[in-house]
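Residue numbers (this note's numbering), protein chains in the order written: chain A, 1 to 126; chain B, 1 to 131.
Where is the CB? At the ideal position from N, CA and C, for every residue including glycine.
Contents: one structure, followed by commentary.
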Amino acid sequence: MEMRSHLSQARGPGSTDHGVQHWISQRFSAIILVPLSLWFVYSVLGLIGADFAAFQAWQSEPGNVILMVVFLLAMFQHGQIGMCVVIEDYMHPEWLKNTSILIVRYTAFLACVSCILTVLRVAFTA
Amino acid sequence: MAATKRPLSPHLQVYRPQVTSIMSILHRMCGVGLMFGTILFTYWITSAAYGPEAFERAQSIMGSWFGQLILFGFTFALFFHTANGIRHIFWDVGLGFEIESVKKSAAAVVAFSFLMTALTWYVALSRAGEL
Chain A
1 MEMRSHLSQA RGPGSTDHGV QHWISQRFSA IILVPLSLWF VYSVLGLIGA
51 DFAAFQAWQS EPGNVILMVV FLLAMFQHGQ IGMCVVIEDY MHPEWLKNTS
101 ILIVRYTAFL ACVSCILTVL RVAFTA
Chain B
1 MAATKRPLSP HLQVYRPQVT SIMSILHRMC GVGLMFGTIL FTYWITSAAY
51 GPEAFERAQS IMGSWFGQLI LFGFTFALFF HTANGIRHIF WDVGLGFEIE
101 SVKKSAAAVV AFSFLMTALT WYVALSRAGE L
């Protein structure tokens, strides 16, 4: 039995309005990552050979905390979507594809949370 | 019905390499490479949560020849993926689709990536006192 209304059947197959969300999110994060990546490279150049005290001094500047947290969120979101797209394109067995996507998503989430908590801890214990 | 073994996309084995396809593949390879590099990045950042000793150990690993090798690849991949990503954004809004401009923008991306990688490493090695 078809559970969907005639209107929803006519409008198209499945949930076509959610699918585009990944695509948009990938572009949104990409745009913000352009300036943030350049800022990141510039910052890392300044941290070459830095000891913990120097790193903490840099990381506890308000502007750097904010930019770092935004960079981490955008970077992991963008990277996670990108990895999933590549997996969907090249890994054809259903179980392998789904398992890989699950691992990528959880790993990215875990790494993102770990990095953000570290940044905040370093910044707020200065 | 028995499943026929037709070639699945992206047909890499029957596709003649062109500027467009090579740039596209490099874009993906750099993107995936960057995500693997992010494992090292995560180690570097999170080491700071364990205090000065752990952070300074991470710093010296990054500064070792092996660390520098990975960071060099990471730098190039980052500049390439960023520059080529801007190209993709332009395509998304419908600009730069003519073969001529596609080839020109590809050359610009490659030139930018090499130039910025060289510049970044010139600064990095100077600062590290290795130049």
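With a threshold of 7 Å on Cβ separation, who are the neighbours of residue i within its own chain once the five nearest residues in sequence on each side are excluded?
i	result
residue 48 (chain B)	55
residue 22 (chain A)	81
Taking residue i as the reference, give the member of the options with the closest Cα.
i	options	result
residue 43 (chain A)	A:100, A:65, A:22 and A:11	A:65
residue 105 (chain B)	B:120, B:65, B:20 and B:70	B:20
residue 114 (chain B)	B:73, B:39, B:92 and B:17	B:73
residue 118 (chain B)	B:17, B:37, B:84 and B:75	B:75
residue 114 (chain A)	B:38, B:4 and B:15	B:38
residue 36 (chain B)	B:5, B:13, B:63 and B:71	B:71
Classify residue i as buried or exposed, calling it buried when 16 or more other Cβ atoms lie within 10 Å of its own Cβ.
i	result
residue 138 (chain B)	The requested residue 138 (chain B) does not occur in the structure, where chain B is confined to residues 1 to 131.
residue 37 (chain A)	buried
residue 18 (chain B)	exposed
residue 126 (chain A)	exposed
residue 33 (chain A)	buried
residue 53 (chain A)	exposed
residue 140 (chain B)	The displayed coordinates of chain B run from 1 to 131. Any statement about residue 140 (chain B) would go beyond what the structure contains.
residue 57 (chain A)	exposed
residue 10 (chain A)	exposed
residue 95 (chain A)	exposed
residue 45 (chain B)	buried
residue 41 (chain B)	buried
residue 84 (chain B)	buried
Skipping 5 residues on each side, what residues in its chain have a beta carbon closer than 8 Å to that of residue i?
i	result
residue 119 (chain A)	59, 65, 68, 69 and 72
residue 124 (chain A)	60
Short of 6 Å in beta carbon distance, which residues of its chain neighbour residue i, apart from the five on each side in sequence? Order them along the chain.
i	result
residue 77 (chain B)	30, 33 and 34
Going by the C-beta, is residue i closer than 7 Å to any heavy atom of the ligand ADP?
i	result
residue 68 (chain B)	Among the ligands in the structure shown, none appear at all, so the ligand ADP cannot be discussed.
Quiz item: Do the stretch 29 to 45 of chain A and the stretch 69 to 82 of chain A make contact, defined as three or more Cβ pairs closer than 8 Å?
Solution: yes
Quiz item: Do the stretch 82 to 102 of chain A and the stretch 17 to 26 of chain B touch if we need at least three Cβ pairs shorter than 8 Å?
Solution: no
Quiz item: Is the stretch 56 to 70 of chain A touching the stretch 106 to 116 of chain B, taking contact as three or more C-beta pairs under 8 Å?
Solution: no
Practice problem: May I have a chain-ordered list of the alpha helix (DSSP H) segments no shorter than 4 residues that lie completely inside the stretch 60 to 117 of chain A? | Solution: 62 to 90
Quiz item: Does the count of Cβ pairs from the stretch 43 to 56 of chain A and the stretch 102 to 113 of chain A closer than 8 Å reach three?
Solution: no
Quiz prompt | In chain order, each alpha helix (DSSP H) run of at least 4 residues that lies wholly inside the stretch 12 to 68 of chain B | solution = 19 to 47 and 52 to 63
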